[in-house]
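Chemist: Residue numbering for the sequence shown follows my numbering, starting at 516 and increasing by one per position. Think of the CB as a built atom: it goes at the ideal place given N, C-alpha and C, for glycine as much as any other residue. Values in this document were obtained by computation on a predicted structure and should not be read as measured data.
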Amino acid sequence: MNLSLGIQEEELISKHIQYAKFVSYGGTLVFNTIIDLWIVHTFSSSNILGQTMAIASSATFICSVFGGYIADSKYLLAVIKGINLISGILCLAFVGLYHYQTHLDLWQVNTAVFLLNVNAYLSSPIFKKMVNFFVKREAMMTFNQTMALGTQVLSVTVPPISTFLYGWHWLSLPTAFLLNGLSFFGAFFFLKPFTLTEQPSQKFVGYRQTFKNIFSNPSLLQFLFMGVMLNFFLAGLNIFFPIMVIHQLHEGHLYGAVLASQAVGGIVGSYSISKIPITKSLTFERIGLVVISLVLLLLTILQTIAFIFVVAVIISIVLSRYNIASQTIVQREVDSALIGKTFSAIFIFANIASPVGNLSFGYINGVSMNLTLIVVAVGFVIFNLMWIMIDRRYQKRSHG
């Protein structure tokens, strides 16, 4: 299918990209849930969980760099199809390895996690660029809300079901590999009929020009800064929740429900935009960060599974609104020729923070789980104050 064809064809491609994204995301949810459960049940260690998460996120730097270049090429759809096909084959290979050895060592699981994360992080800027082709700018907010809603619905249903099946020994680590592999093949199936044989002509844009544009645009610079800070501190919560629920509270059968409560918060956050519109200053979201800090401090005292559900919902409401706002503002304010590289550049910095945060909080959480909550809570407050300072500095500069 040629990019220059009519609106119906473009809408069909757009829908198939959505279906592919949802299918692969569902398989990834199963895999990630089982990996967390397997590591905590097997090792009961914050350090090991943090190391595995750091290994997973360490793939993001290289993938973000190359993802930006691929997003600017006419081969972007072919690359996404290839990534899904190769990832599916890798999953089946690890299933075969498990049956050959009758087990998988930690280093083998970490290798699999690293390789499979290449799919998610390499395809992110490519996907954003394709959305820019097939969705009109005035429809970006609605499209992003739909995508957020779809992924959150999957997030509500898949983790609890996966946890239940794992608890009853109906779902194991090799089965999770198999399901993830089938989901990648499903994504490949949805994308296979389509090809992009041509693109709108555009000049080559390097990362130097991209970073120059980001640092000269207050909105883009703020979101770059926010992405780095959020990824670092959220790494602490990603380690805290499974260790607290599974190892500390011994409520492993409810870990999937905790993940589902995060998804419920994401759905509420997405729907709330129609009632409380997102402003360019993100006032609601900045207040939300303060609320998150307060409930995290309260969690150091009130450590029950019920309150963890509440905390997870509140965090997801705020962050889902921010994610929709950040994507929409970048897609609206950045020229088409810079979309792929801009998202890729933002991902590069934000993704560097993830492995650093995973390793740091893996150690901190091993020392004291409450210390993790305090550091994250204080970090959100400092981050909010720095955001306000940046905002005021640019306001003075624009009025000066």
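1) Measuring only the C-alpha atoms, how far is Tyr681 from Ile554?
2) Within the same chain, show all residues whose beta-carbon is closer than 7 Å to that of Tyr540, passing over the 5 residues directly before and after it, in chain order.
3) Count the other CB atoms, across all protein chains shown, that sit within 10 Å of the CB of Ser776; report buried if there are 16 or more and exposed otherwise.
4) Could you confirm whether any beta carbon from chain D is found closer than 8 Å to the beta carbon of Leu736?
5) From which residue to which residue does the alpha helix (DSSP H) around Lys790 run?
6) Less than 8 Å separating the beta-carbons of Val773 and Ala827?
7) Thinking C-beta only, is Leu552 closer than 8 Å to Gly767?
8) Taking all protein chains shown into account, decide if Pro792 is buried (16 or more other Cβ within 10 angstroms of its Cβ) or exposed.
9) Measure the C-alpha to C-alpha separation of Ser698 and Thr617 and round it to an integer number of angstroms.
10) In terms of residue numbering, what span does the alpha helix (DSSP H) encompassing Tyr615 cover?
11) Under 8 Å between the Cβ atoms of Asn873 and Met662?
12) How far does the alpha helix (DSSP H) with Glu800 in it reach, from first residue to last?
13) What would DSSP say about Trp685, mapped onto helix, strand or coil?
14) Taking only three categories from DSSP, how would you classify Gln818?
15) What does the alpha-carbon distance come out to for the pair Ile897 and Lys589?
16) Return the residue from the list Arg907, Gly784 and Ile823 that minimises the CA-CA distance to Leu664.
17) Any idea what DSSP makes of Phe918, helix, strand or coil?
18) Checking 8 Å against the spacing of the C-beta atoms, do Asn695 and Phe537 come in under that value?
19) Using a 10 Å radius around the Cβ and a threshold of 16 neighbouring Cβ atoms, would you call Tyr837 buried or exposed?
20) Helix, strand or coil for Pro675, going by three-state DSSP, please let me know.
21) Report, in whole angstroms, the separation of the C-beta atoms of Leu688 and Leu619, which I expect to be a contact under 8 Å.
22) Under 6 Å Cβ to Cβ from Gly742, same chain only, skipping five residues before and after it: list those, please.
23) Gln842: buried (16+ other C-beta within 10 angstroms of its C-beta) or exposed?
24) Thinking C-beta only, is Thr557 closer than 8 Å to Gly771?
25) Is it right to say Lys727 is buried, meaning 16 or more other beta carbons lie within 10 angstroms of its own, or is it exposed?
26) For Leu814, collect the residues of the same chain with a Cβ closer than 8 Å to its Cβ; drop the 5 residues on either side in sequence, then sort them by chain order.
27) Give every residue of the same chain whose Cβ lies closer than 8 Å to the Cβ of Val760, excluding the five residues on either side of it in the sequence, and list them in chain order.
28) If distances are taken between C-alpha atoms only, which option among Leu693, Ser875, Phe703 and Gly542 comes closest to Pro674?
29) Going by DSSP in three states, Pro733 sits in which element: helix, strand or coil?
30) So what does DSSP say about Trp902, is it helix, strand or coil?
31) For Gly894, which residues in the same chain have their Cβ closer than 6 Å to its Cβ, ignoring the five residues on either side in sequence?
Modeler: Let me lay it out:
1) 13 Å
2) Thr666 and Leu669
3) buried
4) No chain D is present in this structure, which holds just one protein chain.
5) Tyr770 to Lys790
6) yes
7) yes
8) exposed
9) 24 Å
10) Leu591 to Gln616
11) no
12) Thr798 to Leu814
13) coil
14) coil
15) 42 Å
16) Gly784
17) Past the edges of the chain, shown from 516 to 915, lies residue 918, and the structure says nothing about it.
18) no
19) buried
20) helix
21) 6 Å
22) Ile861 and Ala865
23) buried
24) no
25) exposed
26) Phe822, Ile823, Val826 and Leu888
27) Glu766, Gly767, Leu769, Tyr770, Val773, Ile820 and Ile823
28) Gly542
29) helix
30) helix
31) Phe748
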